Each structure stands twice: as structure tokens, then as C-alpha cells.
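Going by UniProt numbering, the residue at position 79 of the sequence shown is 79; the numbering climbs one at a time, nothing skipped.
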Amino acid sequence: MVPYQYRCTGCGDVDVRRPMGAATPRTACPRCGAEARRVYTSPGTRLAAPGLVAALDTAGASADRPQVVTRDPAPRTPRPAHPLHARLPRH
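This is the structure we're talking about:
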């Protein structure tokens, strides 16, 4: 169910929950029963947590714009061939 906003002349703005795509241009006001006109508003995108929105945006972007690694992110010092060589003094 999706909330749709309607404007009643007596009650002001009211929300009516209906299945997606089932909104009508006019409906009866749930408070007073008078005719209410549909008001077109932006979708409620602030209902999800900001961290979840960022994770979904990153996942969606990686589908068509994957991040490609072009270099090693952290340069490493070469490891000695034998573990005991790491204890030898360095000059």
C-alpha cells in the first residue's frame, strides 16, 4: 500500500493508502466525507535509513559502472623468502 496525498477543502491535506497505481484524481475525504482532490507530491524517499540508501546506491552503481582497480591501493614492502630473515639487521 502506498500513501497518496489528497486535499480536502474543509480538512486540508489528507493521506489515503491504496495499492500502487490505484490512485484516482478525486476521492472522498476520510475525515469528513467531502470530495478531495489528489495532490501530486515528490515520493517519500526519506523513509529509509541514510546508510541503507547509500549502500543501495553503491550496489546499483556497481551494476553498470563497476569500479576498476588500476593500482595496488597500499604499496607493500617485499617479504623475505624465509621467516627468520625478517629478524636480520637491515642496513
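By construction, the Cβ of each residue, glycine as well, lies at the ideal position given by its N, Cα and C atoms. Predicted, not measured: the structure shown is a model, and the values here were computed from it.
Checklist line | Buried versus exposed, by CB contacts within 10 Å (16 or more), residue 36 | finding: It is buried - the Cβ of residue 36 has at least 16 other Cβ atoms within 10 Å.
Notebook entry, point to check: Can the beta-carbon of residue 3 be found closer than 7 Å to that of residue 15?
Noted result: Taking a C-beta distance under 7 Å as the contact criterion, residue 3 and residue 15 qualify as a contact pair.
Item checked: Secondary structure of residue 3, DSSP reduced to three states -> Of the three classes helix, strand and coil, the one that applies to residue 3 here is strand, per DSSP.
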